[in-house]
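1244 is the number of the first residue of the sequence shown in our numbering; add one for each residue after it.
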Amino acid sequence: MVARLRAAGSVFAEDEARLLLAEAATPAVLEELVARRVAGEPLETVLGWASFCGLRIRTAPSVFVPRRRTELLARRAAALLPPGGTAVDLCCGTGAVAVAVAALASPGVLHAADLDPAAVACARGNVEPVGGAVSEGDLFAALPGTLAGRIDVLAVNAPYVPTAAIAMMPPEAREHEARLALDGGSDGLDVHRRVAAEAPGWLSSAGVVLIETSRPQAGSTAALLAAAGLEVAVEHDEDVDGTIAIGRSRRMEP
Ligand SMILES: C[S@@+](CC[C@H](N)C(=O)[O-])C[C@H]1O[C@@H](n2cnc3c(N)ncnc32)[C@H](O)[C@@H]1O
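Below, the structure written as structure tokens:
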């Protein structure tokens, strides 16, 4: 098994073999899992789970696999959430960020949403058991209207890869994750633009929006939040190589 995995390009073939062995109930299932991995499917979707902030998150074929760099977004979202506050994971994929926020903080309301039905189904399996709700739809249109003006922490890991750069991504992502999860438009910022424009109307008076971005795109993502009237900051974590832009509401209560 190790030789087959290595020949297929796996750098950590021994570790992968150990994980696949632990997951397979029978030799026939093991063979099926190894064949999927050798065909290039991400290890996490073959296993059916990914590790994120020390938690096991259920994965599903074609649904974006949570990345280590996104742990920065989840940890900062949890740290900024007041006890009993309202947290939303927009563009939730598996719902990994929402699950981590539930584990690291004490949300009173937890909501996740995504446009992709496969992601929504996967997120329901992860987020509902920790007390959250998941809905399907285009960005804020998926959220219940009752959340407008009430979100304390809005965590967003939307697609931000420029369309032309998708061809340079590893085949695991390019061929096995939904295009909708990756493609951020010509400069990668199409979804960030829409999130920044609409976020202020959804945040509570002291609410914050956190958007994962890349180091080269961070200034542009932050500028979009500033143009929407938010007070902005950019944070980077070397350990996980994560970058986020944060926008704080400056709305005065009447
Ligand atoms: C980069 S993935 C991130 C998934 C998850 N937040 C994570 O960190 O693992 C982006 C997600 O955004 C979703 N998405 C893309 N465009 C969307 C839109 N207009 N409205 C809602 N979700 C969208 C995709 O389906 C995908 O699940």
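Positions of the beta carbon are idealized from the N, C-alpha and C atoms, including for glycine.
Please determine whether the Cβ atom of P1309 lies at a distance below 7 Å from any heavy atom of ligand 1.
Proximity of the beta carbon of P1309 to ligand 1 is indicated: a heavy atom of the ligand is located closer than 7 Å.
Other residues of its chain near F1383: CB distance less than 7 Å, five sequence neighbours each side excluded:
Cβ-Cβ distances below 7 Å link F1383 to E1441 and W1445 in the same chain, with the five nearest sequence neighbours on each side left out; the list follows chain order.
Alpha carbons only, please: which of P1360, L1386, D1381 and G1380 is nearest the one belonging to L1353?
Its Cα nearest to that of L1353, the residue L1386 stands out among P1360, L1386, D1381 and G1380.
Just reading off the beta strand (DSSP E) that A1451 is part of, what are its end residues?
Checking the sequence shown, residue 1451 turns out to be Val, not Ala. Going by DSSP, V1451 is part of the beta strand (DSSP E) stretching over L1446 to T1456.
Keeping to the same chain, check which residues put their C-beta closer than 7 Å to that of G1327; ignore five residues upstream and five downstream.
The residues are S1349 and G1351.
Measuring from the CB of T1486, is there a heavy atom of ligand 1 at a distance below 7 Å?
No, since every heavy atom of ligand 1 falls outside the 7 Å radius drawn around the Cβ of T1486.
Name the DSSP bridge partner or partners of F1295?
Partner(s): L1298.
Report back the beta-carbon spacing between R1493 and E1474 to the nearest angstrom; my notes put them in contact at under 8 Å.
Contact check for R1493 and E1474: beta-carbon distance about 6 Å, within the 8 Å limit, so the pair qualifies.
If you run the structure through DSSP and keep just helix, strand and coil, what is G1351?
DSSP, read as helix, strand or coil, puts G1351 in coil.
Rounded to the nearest angstrom, what separates G1428 and P1360 at their Cα positions?
About 21 Å.
Bounding residues of the beta strand (DSSP E) (the contiguous stretch that carries T1464)
Here T1464 belongs to no beta strand (DSSP E); instead the alpha helix (DSSP H) covers A1461 to A1470.
Out of curiosity, what's the CA-to-CA distance linking C1365 and A1476?
Approximately 32 Å between the Cα atoms of the pair.
Short check: CB of R1280 to CB of L1248, under 8 Å?
Pairing R1280 with L1248 gives a Cβ-Cβ distance under 8 Å.
Give every residue of the same chain whose Cβ lies closer than 8 Å to the Cβ of I1300, excluding the five residues on either side of it in the sequence, and list them in chain order.
Taking C-beta separations shorter than 8 Å and ignoring five residues to either side along the sequence, the partners of I1300 in its chain run W1292, A1293, S1294, P1309, T1337, G1338, A1339, V1342 and N1369, following chain order.
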